[in-house]
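In our numbering, the protein residues as written are -7 to 107.
Yeah, the Cβ is synthetic: ideal placement off N, Cα and C, and Gly gets one too.
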Amino acid sequence: MSAVSLGVPELPARPVATRRVSRQIQVGSVAVGGGAPVSVQSMTTTRTSDIGSTLQQIAELTASGCQIVRVACPTQDDADALATIARKSQLPVIADIHFQPKYVFAAIEAGCAAV
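This is how it looks when you write it as structure tokens:
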């Protein structure tokens, strides 16, 4: 079967951006930077304090190929849920603390991979 020309010009190839030199770090078991492959990260849209819904969404992200997950932590209830989520998550969890320094220590103590 041969292609039919519709008179539409072909799209030019997208240029590949050059990667800048960076230092490699670990987010849980996932290497980031320093020549490591690009990792897929996403953020949950649930209230972090709703542990069941958050873990369900993390499972769905895992099935979609996500490698790192970020969860919002704007309240004390969310901070209290971090330990269970970090322990049960299949992915390394990053706590997005929303400029609340008091939640940094809660995230570290909960076992989050990064803040």
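Status (buried if at least 16 other CB within 10 Å, exposed otherwise) for residue i
i	result
I17	exposed
T40	buried
A55	exposed
A87	buried
V61	buried
V19	buried
Cβ-Cβ distance between residue i and residue j below 9 Å
i	j	result
C104	A78	yes
Close-in-space but distant-in-sequence residues of the same chain around residue i (CB under 8 Å, 5 per side omitted)
i	result
G25	S14, R15, Q16, I17
Q49	T36, T37, T38
C65	T40, A71, L74, A87, D88, I89, H90, Q92, Y95, A98, A99
Of the listed residues the options, nearest to residue i (C-alpha basis)
i	options	result
S81	A99, T46, S56	T46
P93	Q68, T54, R11	Q68
G27	F91, S34, R11	R11
A9	V30, V96, P66, V(-4)	V30
E52	C65, S34, P66	S34
Alpha-carbon to alpha-carbon, residue j and residue i
i	j	result
E101	V63	15 Å
L108	R6	For the chain, the structure presents residues -7 to 107; residue 108 sits outside this window and is missing.
A98	E2	53 Å
T76	D70	11 Å
D72	V0	56 Å
L83	H90	21 Å
V85	A106	7 Å
Close-in-space but distant-in-sequence residues of the same chain around residue i (CB under 7 Å, 5 per side omitted)
i	result
I43	A73, T76, I77
V32	G57, C58, Q59
A23	Q16
S21	P84
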